[in-house]
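Enquirer: Same order as they appear, the protein sequences are chains B and F. Quick note on numbering: the first sequence equals residues 78 to 839 in the working numbering. Quick note on numbering: the second sequence equals residues 120 to 273 in the working numbering. Yeah, the Cβ is synthetic: ideal placement off N, Cα and C, and Gly gets one too.
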Amino acid sequence: MTKMENNISRRALLKGAGALVVSIGAPIGLDTVLGIGEAFAQATGNKPPLTPDQLSSFIAVNADGSVAAFFGKMDMGQGLFAAIGQMVAEELDVPFKAVKVLMGDTATSVNQGGASGSTGVQLGGKQMRVAAAEARRVLVDMAAEKLGLPADQLTVTDGVVHAKSDPAKKASYAELIGGRYFNVPLEWNKEMGNTLYAPGKAKPKDPKDYKIVGKPLPREDIAPLVYCQQDFCTDVKRPGMLHARMIRPPVAGSTPVKVDEASIKDIGGAKVYLEKGFLAVYAENEWDAIKASQALKVEWSDVKPPFVDQATLYDHIRKSPARKRVDEGKQVGNVDEAFRTAARVVEFEYEWPFQSHACMGPACALVEIKDGNVTCWTGSQKPHFVQNGISRTIGVPTDKVHVVWVVGPGSYGRSDADDAAMDAAVLAKATGRPVRVQYTRDQGTGWDPKGPASIHRARAAIDASGQVTAYEFVSKGFSRVDVNTNGSQPFDTLAGHFRGIELKSGDNFGIPAESYEFANKKTYWETIPPLLDRASPLRSSHLRDPVGPQIQFASESFMDEVAHTLGVDPVEFRLRHVKDARDIAVIKAAAEKAGWQPRPSPRRDQTGNKVSGRGIAYAQRNGTRVAIVAEVDVDRSTGKISARKFTIAHDCGQIINPDGLKHAIEGNIIQGLSRTIWEETKFDTKSVTSVDWVSYPILDITETPAVVDIVLIDRPNVAPSGAGEPSMRPLTAAVANAIFDATGVRIRRVPFTPERVKQAMS
Amino acid sequence: MARINLDVNGKVHTIEADPDMPLLYALRNDIGLNNPHFGCGLAQCGACTVHLNGQPIRSCVTPVSAVGNGKVVTLAGLGTPEKPHAIQKAYVEEQVPQCGYCINGWIMTAATLLNEKKKPTEDEIKNALTGLKCRCGTHVSILRAVKRAAEMMG
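1. Residues of chain F with CB closer than 9 Å to the CB of B:Ile747, please, in chain order.
2. Can you find a C-beta in chain F that's less than 8 Å from the C-beta of B:Val709?
3. Which one or two residues does DSSP pair with F:Pro141 in a beta bridge?
4. Start and end of the alpha helix (DSSP H) containing B:Glu376?
5. Quick check on the DSSP output: what are the complete beta strand (DSSP E) runs of length 3 or more inside the stretch 725-794 of chain B, in order along the chain?
6. In chain order, which beta strand (DSSP E) runs of at least 3 residues are fully inside the stretch 172-250 of chain F?
7. Would you call the stretch 423-438 of chain B in contact with the stretch 157-169 of chain F, where contact means no fewer than 3 C-beta pairs closer than 8 Å?
8. Hey, is B:Cys729's beta-carbon within less than 8 Å of any beta-carbon in chain F?
9. Assign B:Glu222 to one of two classes, buried (16 or more other C-beta atoms within 10 Å of its C-beta) or exposed (fewer than that).
10. For the alpha helix (DSSP H) containing B:Ser870, list its first residue and its last residue.
11. Who pairs with B:Ile705 in a beta bridge, going by DSSP?
12. So, at 7 Å on beta carbons, what are the nonlocal neighbours of B:Ile324 in its own chain, with the 5 sequence-adjacent residues on each side left out?
13. Quick one: which chain F residues come within Cβ less than 8 Å of B:Gly644?
14. If we define contact as Cβ-Cβ less than 8 Å, is F:Pro216 a contact residue for chain B?
15. When the Cβ atoms of the stretch 736-746 of chain B are set against those of the stretch 686-702 of chain B, are three or more pairs found closer than 8 Å?
16. Tell me where the beta strand (DSSP E) around F:Asn124 begins and ends.
17. Cβ of F:Ala162 within 7 Å of any heavy atom in the ligand MN?
18. When the Cα of B:Glu168 is compared with those of B:Val217, B:Gly354, B:His479, which residue comes out closest?
19. Expressed to the nearest angstrom, what Euclidean distance is found between the alpha-carbon atoms of B:Ile787 and B:Pro807?
20. Going along the chain, which residues of its own chain have a beta-carbon closer than 6 Å to the beta-carbon of B:Tyr250, five neighbours each way excluded?
21. Who are the Cβ neighbours of B:Trp377 in its own chain at under 8 Å, not counting the five residues just before and after it?
22. Please report how far the alpha carbon of B:Arg402 lies from the alpha carbon of B:Leu580, in whole angstroms.
23. Relative to the alpha-carbon of B:Arg825, which residue among B:Met180, B:Glu426, B:Ala146, B:Glu708 has its alpha-carbon at the smallest distance?
24. To the nearest angstrom, how far is the alpha carbon of B:Gly466 from that of B:Gln520?
25. Could you have a look at B:Ser370 and say whether DSSP puts it in helix, strand or coil?
26. Rounded to whole angstroms, what's the CA-CA distance from B:Gly690 to B:Thr820? Just pull it up for me.
27. Roughly how far, in whole angstroms, is the beta-carbon of B:Ala572 from the beta-carbon of B:Val503, given that I think they are within contact range, below 8 Å?
28. Can you find the residues in the same chain that come closer than 8 Å, C-beta to C-beta, to F:Leu262, ignoring five residues on each side of it along the sequence?
29. Is there a Cβ from chain B that is less than 8 Å from the Cβ of F:Gly160?
30. From B:Ser100 to B:Lys280, what distance separates their C-alpha atoms?
31. Given that F:Ala195 touches chain B, what residues does it touch there, using C-beta distances under 8 Å?
32. What's the C-alpha gap between F:Pro138 and F:Pro182?
33. Just grab the DSSP bridge partners of B:Leu157 for me.
34. For B:Met323, which residues does DSSP report across the bridge?
35. Among B:Gly194, B:Ala166, B:Pro797, B:Ile733, which residue has its Cα nearest to the Cα of B:Lys292?
36. With DSSP run on the structure shown, which of helix, strand or coil describes B:Asp298?
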């Protein structure tokens, strides 16, 4: 789906070919690799090319024996600095604190796909693990030669290779290679991005020998945040830097007809940049740029965007001809025949709104062009793709673009970060000065790519004996890739759209991720075209666990509806039909930990306005399994939902860091609950109207569940899968099922705001 | 433009600025303190929070001229790794931040609560922090950290 690109320059390839004459394992050069800046400065020296087939592209040993791990993905706050450091330290047999993970700089890391699909450990870590194992093998071989002992008589303790029989016969990593690069080839699968894999000859350790992996080591990157020693992408400054603010149209699709530059003439030398629909103001001083952005008088073209009345959004989706239909997943038997002969049919439809990334801060990026070399500082999840995007957007060769990822104000998918990077590049080229673009709050919430709105229809056929004989599930909605998940193409960013490039909306959605087996089963999805073909504040793309929460909200609510129809306990119903052993294990673990007492839903023993209920839902996600039991209180008079307790059973295979994992799950639960209860992008026939924290509310601290109880299922011998998103997936359904248990009322439209719940109760 | 003195983290800085400019930009661009962040410019999120005479304020909507002789303290002035405020220590121990962009609001607001009230109840903590935003959803560990800091402060 995501097109991966190979950014390896011809020069780098030639250099690589030359380097092969040096014997394998021999370090070359006398460089030190203490930090990104230094490593970048020395990339023209004796370092082997930055290509995935070189060990030096992933691992280097500094003169002091500390280890630099160059990672082509990055952490979005879920603890990857610790997890990747642990995986590397483990394989190299160095202390955890000896490893520094350097992330997301196109000058020091290869494109491992950026932050993407919860694959930081699953795919990124997998590569770092084999690279570190290979580095250890090479170092032991070097020590064997130096000490005159066979490699199999050597072992490694804390970065020192020594004879198993005599620890005095030793050579440290620092002595062997410190300050010099490996010159060792890897067997690269010739893929870039998430699937990049380049092992060496070494086999990683047997998990039974782990000393560092699996330990709840604290994140070293927390204290610098708390003590203000860590810059964000918003904090980067360059000499001579201009501050810019983008001006977006008040009506989607309209373009500036007349820009009155005189309207800002009194504001500190502020200037306008206009190119087709791309409009910005800039100034030497940030406050002047802000004032100019507010004062600038613009006459906009009179257009009527093809936005539907929001009240009819789901009808629009229902009635629109599908642009594409894809049957996905295992299609079993003959569903139509089973429904034709069914004794009973249960059928319901579920609805999910557009939602915003609404990052904590609106996006910010800085671009500097010096002697034809472009440097971009960005919080984008995919800096290597930003490199391609800038190259195409302003017409410079890719190898002249250096993108530095600096931690941003949250991300959660294809947020506004990539758009800001391209805007800054356009303005830096136009002004000849470094330009910092800082989006405003209304641009961050109003103009980010949105998680797509959708409807989901499920039906089950039941025979005369009460058996489910067929299940059909279809999602229909806006595509999850109206704009792609990265900013590598001008048709995917606002800078492209506003400068006249048409959107190339792609088609993708998804199906429920589960292992229910029925005699007949059919799952498919359909996408409909976007409402506006360019520069739309409702263009859709990836929002954390892309389309997972909405699909699973529908499918797992529906399973409860079927269980209710049959008068069966919701856990029992799932255990009858779910067939995957690890799926069964998480469902049982969550139910057991929550003290689940079998009975059908809803409860019928409560009177009065304040009632309570429990609900379960489960999901898979790329190898990970999660089951959640939600316990909620509902105030029938106000419609207010209070999620009191969540019990989560989580199986992502081998656990690298249980403490980091728990924090990641807690964040998923809170953000998932926020999306469930509060979040809905509002729009009228002109544009998006939910543009700040009042019009786009998220979960408040007063609404925090009292208990988030997490059961981690560790499977040391199963390759680790992701944890950045899976636990958000079944959460909404668990809450919906708990509301039904409490009240007997089924809510099939997200979000469950007090207004909507109250209405449903009446 | 006006000449304005600002007492920030115990040091007086003199800047030339538009009196209407929010304090946030004086701190970030004139004084070089990056820790208060721009989150909304609307006093809705708390990312820009600093103390003015010990009370949390939103520097994104506070005109620099309104600060007067007041003492401004930013997160960097609240404590250091060597001499941390209890809430900073607790934040590290509880491993609270994910992206970390929101922490000025939570830490500065909690610090005032804890400085003024010994052993606040759970509801008092929540009521003191209501309205602040954390998009990563670290709410559960924020509450753990404030309680831990309250314990430390005795």
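Expert: In short:
1. As a working mapping, residue 747 of chain B is identified with position 670 in the first sequence. Under the 9 Å cutoff, chain F gives Cys253, Cys255, Gly256, Thr257, His258, Val259.
2. Here residue 709 of chain B refers to the residue found at position 632 of the first sequence. Judged by the 8 Å Cβ criterion, B:Val709 is not in contact with chain F.
3. By 1-based counting over the second sequence, the position of residue 141 of chain F is 22. According to DSSP, F:Pro141 bridges with F:Pro182.
4. Start at 1 with the first residue of the first sequence, and residue 376 of chain B comes out as number 299. First-last for B:Glu376: 374-377, but that is the beta strand (DSSP E), not the alpha helix (DSSP H).
5. 784-790
6. 174-177, 190-192
7. yes
8. Walking along the first sequence from the start, residue 729 of chain B turns up at place 652. Output row for B:Cys729: interface = no.
9. Position 145 of the first sequence, counted from the start, is the residue given in the question as residue 222 of chain B. With fewer than 16 Cβ atoms within 10 Å of its Cβ, B:Glu222 is classed as exposed.
10. As displayed, chain B neither begins before 78 nor continues past 839, which places residue 870 of chain B out of reach and without an answer.
11. The sequence position of residue 705 of chain B within the first sequence is 628, counting from 1. Bridge partners of B:Ile705: B:Ala694, B:Ile725.
12. By one-based count along the first sequence, residue 324 of chain B stands at place 247. Here the set comprises Leu356, Ala357, Val358, Ser370, Leu373, Val375.
13. By 1-based counting over the first sequence, the position of residue 644 of chain B is 567. By Cβ distance, chain F contributes nothing, its closest Cβ being about 36 Å from B:Gly644, past 8 Å.
14. Residue numbering aside, residue 216 of chain F sits at position 97 when the second sequence is read from its first letter. By this cut-off, F:Pro216 is an interface position.
15. The stretch 736-746 of chain B vs the stretch 686-702 of chain B: no contact.
16. In the second sequence, counting from the first residue as 1, residue 124 of chain F sits at position 5. First-last of the beta strand (DSSP E) with F:Asn124: 121-127.
17. Questions concerning the ligand MN fall outside what the structure shown contains, since it holds no ligand whatsoever.
18. What you label residue 168 of chain B is simply residue 91 of the first sequence in a count that begins at 1. Among B:Val217, B:Gly354, B:His479, the Cα nearest to that of B:Glu168 is on B:Val217.
19. For the purposes of this step, residue 787 of chain B is identified with residue 710 of the first sequence, where counting begins at 1. For the purposes of this step, residue 807 of chain B is identified with residue 730 of the first sequence, where counting begins at 1. Spanning the two alpha carbons is a distance of roughly 14 Å.
20. On the first sequence, position 173 is the one that residue 250 of chain B refers to. The answer, listed in chain order, is Val138, Gly142, Leu216, Gly236.
21. Position 300 of the first sequence, counted from the start, is the residue given in the question as residue 377 of chain B. Contacts found: Pro326, Pro327, Val328, Ser331, Thr332, Pro333, Val334.
22. Here the question's residue 402 of chain B lines up with position 325 in the first sequence. Here the question's residue 580 of chain B lines up with position 503 in the first sequence. The alpha-carbon atoms of B:Arg402 and B:Leu580 are separated by roughly 20 Å.
23. Translated into the one-based positions of the first sequence, residue 825 of chain B becomes position 748. Comparing Cα-Cα distances from B:Arg825 to each of B:Met180, B:Glu426, B:Ala146, B:Glu708, the minimum goes to B:Glu426.
24. Walking along the first sequence from the start, residue 466 of chain B turns up at place 389. Walking along the first sequence from the start, residue 520 of chain B turns up at place 443. B:Gly466 and B:Gln520: Cα-Cα distance of roughly 21 Å.
25. Taking the first sequence and counting its residues from 1, one reaches residue 370 of chain B at position 293. In the structure shown, B:Ser370 sits in a helix (DSSP, three-state: H, G or I).
26. Translated into positions along the first sequence, residue 690 of chain B becomes position 613. Translated into positions along the first sequence, residue 820 of chain B becomes position 743. When rounded, the distance between both Cα atoms is 8 Å.
27. Here residue 572 of chain B refers to the residue found at position 495 when the first sequence is read from its first residue. Here residue 503 of chain B refers to the residue found at position 426 when the first sequence is read from its first residue. Confirmed, about 5 Å.
28. As a first step, residue 262 of chain F is located in the second sequence; it is residue number 143 there, counting from the start. Same-chain partners within the cutoff: Glu241, Ile244, Lys245.
29. Indexing the second sequence from 1 puts residue 160 of chain F at position 41. It does; some Cβ of chain B falls within 8 Å.
30. Counted from its first residue, the first sequence places residue 100 of chain B at position 23. Counted from its first residue, the first sequence places residue 280 of chain B at position 203. Caution applies to B:Ser100, whose pLDDT of 38 falls short of 50 and renders its modelled position unreliable; the value that the coordinates give is listed next. Distance between the alpha carbons of B:Ser100 and B:Lys280 is about 22 Å.
31. Numbered from its first residue, the second sequence carries residue 195 of chain F at position 76. Ordered by position in chain B, the residues that pass the 8 Å Cβ test against F:Ala195 are Tyr304, Cys305.
32. Taking the first residue of the second sequence as 1, we reach residue 138 of chain F at position 19. Taking the first residue of the second sequence as 1, we reach residue 182 of chain F at position 63. Near 6 Å, if we compare the C-alpha coordinates of F:Pro182 and F:Pro138.
33. For the purposes of this step, residue 157 of chain B is identified with residue 80 of the first sequence, where counting begins at 1. For B:Leu157, which the question treats as bridged, DSSP gives no partner whatsoever.
34. Residue mapping note: residue 323 of chain B aligns to position 246 of the first sequence, counting from 1. In the DSSP output, where bridge partners are listed per residue, B:Met323 has B:Ala357.
35. As a working note, residue 292 of chain B is residue 215 in the first sequence. If you compare the alpha carbons of B:Gly194, B:Ala166, B:Pro797, B:Ile733 with that of B:Lys292, the shortest gap goes to B:Ile733.
36. Your numbering for residue 298 of chain B matches position 221 in the first sequence. Three-state result, B:Asp298: coil.
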